[in-house]
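Student:
Numbering (my numbering), first residue to last: 2 to 306.
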């Protein structure tokens with residue numbers, strides 16, 4: 002679709018830029034220069050997953066909001082790299098045998114298949130710590146900005162035990178009980194939506210967004226996260242593994258409750274359209290240009306990967 006093609010182009014451009022930036026930001030620009038075998042193996046494992054491709058959706062959201070609200074884009078790029086490190090760490094851990102037990106991610110063997118469970122866990126831990134170091138270094142270098150700490154706190158809160166980790170716990174524990182739409186939305190919001198929301202909100206904090214805009218972006222982010230996850234659930238049923246870069250039918254294999262198996266594909270499609278409409282109504286209330294977010298919603302609803 003024409004309107005969402007701009008999002009695809011932004012993602013493709015960001016992937017090239019991101020892969021160049023993240024190595025230098027992390028101090029991992031040349032794995033061969035690592036001084037000990039231990040340093041080399043952890044650096045290799047971290048970079049293996051960090052540079053394995055992916056949509057780079059969260060960095061894009063952060064950068065686009067920082068740009069829309071007139072933020073410093075060098076600062077924003079640091080925060081964008083940090084949020085992708087957090088997302089990547091969560092994927093490494095999510096793929097572990099004790100979690101979803103996946104052996105393919107982004108078209109490549111998952112981290113623990115290549116490096117072992119022990120190193121994979123440590124690589125995820127390393128990426129999480131590096132993300133905080135990168136944001137804190139940026140705060141220290143730009144200590145006159147009163148808004149940067151709010152952006153950092155937004156991301157850390159969304160990825161911790163009040164956010165993404167809480168969602169993962171709920172996903173594990175609700176698996177043992179009956180799950181209805183309300184519980185499923187809780188899981189989806191915390192496991193997926195919170196970090197997506199934090200990308201929008203932290204990007205806005207890096208600019209000059211008002212408190213009212215921040216509140217509205219939180220509402221939009223929550224619904225974008227839900228839209229993203231529901232489409233992900235649909236793709237797990239009907240998607241092309243070649244395009245997805247991972248196996249399908251994972252949720253059914255793990256006996257996970259999703260929108261398609263809870264309410265059926267027809268009602269799931271109707272829910273997607275309803276969420277799209279809700280997001281677009283809220284986007285219209287923002288003071289910034291709406292083009293990117295409108296294109297984003299179309300892209301997320303229509304994506305095949």
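Ideal Cβ placement from N, Cα and C applies to all residues, glycine included.
(1) Put residue 148 into one of helix, strand or coil per three-state DSSP.
(2) Pop quiz: residue 188 and residue 172 are said to be a contact at Cβ under 8 angstroms. What is the actual Cβ separation, rounded to whole angstroms?
(3) Please name the residue in 259, 284, 166 and 18 whose C-alpha comes closest to that of residue 218.
(4) Considering Cα atoms alone, identify which of 135, 93 and 195 is closest to residue 49.
(5) Are the beta-carbon atoms of residue 152 and residue 64 separated by less than 8 angstroms?
(6) Count the CB pairs spanning the segment 220-232 and the segment 109-124 that are closer than 8 angstroms, and state whether there are at least three.
(7) Taking only runs that begin and end inside the segment 158-242, name each unbroken alpha helix (DSSP H) of 4 or more residues, in chain order.
(8) Taking 8 angstroms as the cut-off, decide whether the C-beta atoms of residue 95 and residue 113 are in contact.
(9) On the DSSP letters alone, give me the boundaries of the alpha helix (DSSP H) that residue 47 sits inside.
(10) What did DSSP end up calling residue 107 once you bin it into helix, strand or coil?
(11) So what does DSSP say about residue 2, is it helix, strand or coil?
(12) Taking 8 angstroms as the threshold, find out whether the segment 69-80 comes into contact with the segment 199-213 through three or more Cβ pairs.
(13) Give the secondary structure of residue 143 by DSSP, where H, G and I count as helix, E and B as strand, and everything else as coil.
(14) Am I right that residue 182 and residue 263 are in contact with their C-beta atoms under 8 angstroms? What's the rounded C-beta distance?
(15) Between residue 214 and residue 279, which are expected to be in contact by the criterion C-beta below 8 angstroms, what is the C-beta distance as a whole number of angstroms?
(16) Between the C-alpha atoms of residue 20 and residue 265, what's the straight-line distance to the nearest angstrom?
(17) Rounded to the nearest angstrom, what separates residue 136 and residue 180 at their Cα positions?
(18) Leaving out five residues on either side along the sequence, give the residues of the same chain with a beta carbon under 8 angstroms from the beta carbon of residue 4.
Tutor: On the basis of the supplied data:
(1) coil
(2) 5 angstroms
(3) 284
(4) 93
(5) no
(6) no
(7) 165-175, 182-189, 195-206 and 212-239
(8) no
(9) 38-51
(10) coil
(11) Because residue 2 sits at a pLDDT of 38, beneath the cut-off of 50, its placement in the model cannot be relied upon, and the point is left open.
(12) yes
(13) coil
(14) 7 angstroms
(15) The Cβ separation is near 18 angstroms, so there is no contact.
(16) 39 angstroms
(17) 37 angstroms
(18) Bear in mind that a pLDDT of 43 at residue 4, under 50, signals an unreliable position, so the model cannot answer this.
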